[in-house]
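Participant:
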Amino acid sequence: MILYLHPDNPEVRKLKQISDRLKDGAIYIFPTDTVYAIIADANSKTAVEKIYSIKKLPKDKPLSLLCRDISMASHFIEYLPNSAYRFMKRMTPGPFTFVLKANKNLPKPSIAHHKDKQIGIRIPDHIYLQELLKIHDSPLTSTSAFSDDEFIIDIDDLESIYGNLVDGIIDGGIVKIELSTMIQIHDDSLELIRAGKGYELIQNDIQHLE
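Sequential numbering from 1 applies to the sequence shown in full-length UniProt numbering.
1) When DSSP labels each residue in this structure, what does T141 get in the three-state scheme?
2) Any idea which residues DSSP pairs K197 with across the strands?
3) Can you give me the C-alpha to C-alpha distance between A40 and V12, rounded to a whole angstrom?
4) Identify the residues that DSSP records as bridge partners of K101: which are they?
5) With H, G and I counted as helix, E and B as strand and the rest as coil, what does DSSP make of D20?
6) Across which residues does DSSP place E191 in a beta bridge pair?
7) Round the Cβ separation of P93 and D125 to the nearest angstrom and send it over; I've been treating them as touching at under 8 Å.
8) Taking C-alpha atoms, which residue in D167, S74, N204 lies nearest to K23?
9) Return the chain-ordered ranges of every beta strand (DSSP E) run that is complete within the segment 145 to 171 and spans a minimum of 3 residues.
10) Nearest CA to the CA of K108: which residue from L132, L63, A37, D148?
11) Would DSSP call Y28 helix, strand or coil?
12) Measuring straight from C-alpha to C-alpha, what distance separates R21 and S44?
13) Checking 9 Å against the spacing of the C-beta atoms, do A145 and L158 come in under that value?
14) Below 8 Å CB to CB, which residues in the same chain sit around N204 once its five sequence neighbours on both sides are set aside?
15) Please classify D188 as buried or exposed, where buried requires at least 16 other C-beta atoms within 10 Å of its C-beta.
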């Protein structure tokens with residue numbers, strides 16, 4: 001089912017309904033500042049298992065954690081150096097995935113099968129997710145929407161492939177295939193894992209801190 005939100009002022013009533021359903025184990029597809037993503041409440045074991053089943057993902061493949069801001073994200077991170085905090089604050093919201101060691105607060109459904117307890121944190125720069133996360137009181141877990149190793153960028157294709165598998169698809173128009181830039185944050189350095197959207201904005205930071 002395709003759902004529509006106002007592009008500039010997403011309806012709070014609709015977002016509250018989505019939030020309530022997420023808490024009950026629903027899963028949705030939302031546009032992000034990169035590609036479309038399948039999202040669920042990170043605390044819902046049922047919903048997280050649905051994502052793994054739909055995407056046919058191995059249980060040890062990590063999902064990203066979508067957070068409202070660094071304050072929410074820091075609740076799940078074991079250690080965040082001051083330099084990394086300043087870097088993340090400057091770069092968020094934005095098209096970046098920050099990989100860090102998770103602490104014991106991380107929702108168990110999102111890390112139960114991860115051996116190294118690492119988690120990818122995203123603070124996306126998209127109004128729909130930003131406004132949803134203002135309402136939703138817990139982080140979301142997500143993975144990119146793709147089929148047969150191709151990212152799905154058109155809303156009609158998403159409906160055709162996922163319409164009967166998810167509880168709703170938020171229309172964000174046709175998106176570009178732009179993956180997030182992935183950065184591993186160590187105790188005293190940054191390591192580039194994948195150069196994607198926004199890489200040109202942080203290239204000097206990576207070189208300076210490596």
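Backbone N, C-alpha and C define an ideal beta-carbon position, used for all residues, glycine too. Here the structure is a predicted model, which is why all the values come from computation and not from measurement.
Facilitator: In terms of the structure at hand:
1) Stepping through the sequence shown from its first residue, residue 141 is reached at position 141. Here T141 sits in strand by DSSP.
2) Against the sequence shown, residue 197 aligns to sequence position 197. Looking at the DSSP assignment, K197 forms a beta bridge with S180.
3) Residue numbering aside, residue 40 sits at position 40 when the sequence shown is read from its first letter. Residue numbering aside, residue 12 sits at position 12 when the sequence shown is read from its first letter. Distance between the alpha carbons of A40 and V12 is about 18 Å.
4) Position 101 of the sequence shown holds residue 101. In the DSSP output, where bridge partners are listed per residue, K101 has Q118.
5) For the purposes of this step, residue 20 is taken as residue 20 along the sequence shown, with counting starting at 1. Note: D20 maps to helix in three-state DSSP.
6) Start at 1 with the first residue of the sequence shown, and residue 191 comes out as number 191. Looking at the DSSP assignment, E191 forms a beta bridge with Q184.
7) As a position in the sequence shown, residue 93 is number 93, starting the count at 1. As a position in the sequence shown, residue 125 is number 125, starting the count at 1. Indeed, because the Cβ distance is near 4 Å, the residues count as touching under 8 Å.
8) Here residue 23 refers to the residue found at position 23 when the sequence shown is read from its first residue. Here the closest residue by C-alpha is D167.
9) 168 to 170
10) On the sequence shown, residue 108 is found 108 positions in, with the first residue counted as 1. Looking from the CA of K108, the closest CA among L132, L63, A37, D148 belongs to L63.
11) Position 28 of the sequence shown holds residue 28. Strand at Y28.
12) Looking up residue 21 in the sequence shown gives position 21. Looking up residue 44 in the sequence shown gives position 44. If you take the alpha carbons of R21 and S44, they lie about 11 Å apart.
13) In the sequence shown, residue 145 corresponds to position 145, counting from 1. In the sequence shown, residue 158 corresponds to position 158, counting from 1. Yes, they are a contact pair.
14) Stepping through the sequence shown from its first residue, residue 204 is reached at position 204. Hits under 8 Å: none found.
15) Numbered from 1 along the sequence shown, position 188 holds the residue referred to as residue 188. Answer is exposed; the Cβ neighbour count stays below 16.
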